[in-house]
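Q: Dropping a structure here in structure tokens format, bear with me for questions.
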Amino acid sequence: MSRSFSFITFSVFLALIMALMPLPFSLEPFRPDWVLLVLMYWSIALPHRVNIGWAWCTGLIMDLAVGSPLGVNSLTYSVCIYITVSNFQKLRNFSLWQQAMLIGLFLALYHLLQFWLNHFLLDIYFNPAYLWPALVGMLCWPWIFLLLRKYRRHFRIR
0 MSRSFSFITF SVFLALIMAL MPLPFSLEPF RPDWVLLVLM YWSIALPHRV
50 NIGWAWCTGL IMDLAVGSPL GVNSLTYSVC IYITVSNFQK LRNFSLWQQA
100 MLIGLFLALY HLLQFWLNHF LLDIYFNPAY LWPALVGMLC WPWIFLLLRK
150 YRRHFRIR
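Going left to right, the sequence shown walks through residues 0 to 157 as numbering that gives the first Met the number 0 numbers them.
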């Protein structure tokens with residue numbers, strides 16, 4: 000039990016590092032949402048372990064790390080993880096590319112919710128470039144899924 004908890008925590012921590020790692024200015028709009036992708040994988044694979052509580056706490060850490068208004072990432076992560084946890088059995092039965100399409104929709108929902116909250120809090124305006132990370136995350140999903148599944152099976156995380 001502690002081994003599975005520590006591995007899940009480690010993978011989310013690595014995703015946090017990748018989300019905070021500096022990128023060249025021209026590539027920054029295309030950065031996938033690593034943390035949300037990893038949380039979505041674990042919520043599909045182990046919904047009894049990784050659920051809305053994980054999403055809320057991880058979102059608070061992400062809010063503090065990036066300096067966004069407190070609770071924006073928490074709320075948006077929680078909404079996306081609620082949808083994935085409530086439909087995890089359906090998502091497991093889809094092929095990898097069908098899952099990637101749905102994950103892309105969830106990521107687009109995440110970015111639209113985040114824009115909506117930031118619009119009311121910070122008075123920003125919509126830019127279609129906000130949705131590039133959803134497309135890149137959709138393309139990254141098969142590799143993230145296969146990599147985390149390999150390690151989950153290797154370390155027998157249940």
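Cβ coordinates follow ideal geometry from the N, Cα and C atoms, glycine included.
1. Please report whether the beta-carbon of Phe9 lies at a distance below 8 Å from any beta-carbon of chain D.
2. Rounded to a whole number of angstroms, what is the C-alpha to C-alpha distance between Asp62 and Arg151?
3. Of the choices Met100, Leu147, Ser85, Ser67, whose alpha-carbon is the least far from that of Asn117?
4. Alpha carbon to alpha carbon, how far is Phe154 from Ala64? Give it in angstroms, no decimals.
5. With C-beta atoms as the reference, is Leu108 less than 8 Å away from Leu90?
6. So what does DSSP say about Asp32, is it helix, strand or coil?
7. Among residues of its own chain, excluding the 5 on either side of Phe87, which ones have a beta-carbon nearer than 7 Å to its beta-carbon?
A: The structure says:
1. Looking at the structure shown, chain D is missing, and only one protein chain is on hand.
2. 28 Å
3. Ser67
4. 30 Å
5. no
6. coil
7. Ser42, Ile43, Pro46
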